[in-house]
Amino acid sequence: MFPLSKEAGGLGLCRDVPFKSTDDPAYQQILAAVRRASTELQTHKRFDMPGFRPNEHYIREMQRFGILPRDLKPTDAIDVYAADRAYWRSFDYQPQTNQAGDIGGP
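Using our numbering, read the sequence shown as starting at 70 and increasing by one per residue.
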């Protein structure tokens with residue numbers, strides 16, 4: 070709203086007003102780009118947006134590594150934060166213990 074003139078409904082805060090009205094071709098190009106980005110974002114949500122679902126490759130690999138259940142349904146919710154934590158935790162070193170609970174050795 071800064072670059073739009075007050076007469077056109079903007080704030081008119083720029084010294085040299087880039088857009089005199091919303092009919093300006095450059096304004097329309099920018100508006101169209103913002104609308105396309107909004108549509109894309111609603112279709113392919115960010116991981117932190119409600120309704121986000123990871124793509125099939127992420128799900129397949131997390132199932133392969135035992136992080137997500139194999140029988141996961143397309144409608145089942147996935148906590149990607151918990152799944153990622155579990156995946157990375159699976160690489161933590163776990164030293165072997167003997168029968169007495171001591172680390173290492175027979």
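Note that CB positions come from ideal geometry on N, CA and C, so glycine has one too.
Below 8 Å on the Cβ atoms is my guess for residue i versus residue j; work out the distance and round it to an integer in Å.
i: Y121; j: R129; result: A quick correction: the sequence has Phe, not Tyr, at residue 121. F121 to R129, Cβ: 17 Å. No contact.
i: A152; j: M118; result: Contact doesn't hold; Cβ gap of about 16 Å is too wide.
i: S60; j: A102; result: Given a span of 70 to 175 for the chain in the structure shown, any question on residue 60 remains unanswerable.
i: I147; j: P123; result: 6 Å
Can you give me the Cβ contacts of residue i inside the same chain, cut-off strictly under 6 Å, excluding the 5 residues immediately before and after it?
i: L73; result: G79 and F88
i: A155; result: I136
i: Y96; result: F88
Going by the DSSP bridge assignment, what does residue i pair with across the sheet?
i: F121; result: Paired residues: none, contrary to the question.
i: L73; result: F88
Can you list, in chain order, the residues of its chain whose CB lies under 8 Å from that of residue i, leaving out five sequence neighbours each side?
i: L141; result: I128, Q132 and I147
i: L100; result: T91
Excluding sequence positions up to five away, which residues of its chain have a Cβ less than 7 Å from the Cβ of residue i?
i: R139; result: Q132
Three or more C-beta pairs closer than 8 Å, one from the segment 151-160 and one from the segment 135-143: is that the case here? Remark: three or more beta-carbon pairs, one from each stretch, lie closer than 8 Å, so the segment 151-160 and the segment 135-143 are flagged as touching.
As an exercise, report each continuous alpha helix (DSSP H) stretch of at least 4 residues that is fully enclosed by the segment 94-121, in chain order. Within the segment 94-121, the complete alpha helix (DSSP H) runs of at least 4 residues are 94-112.
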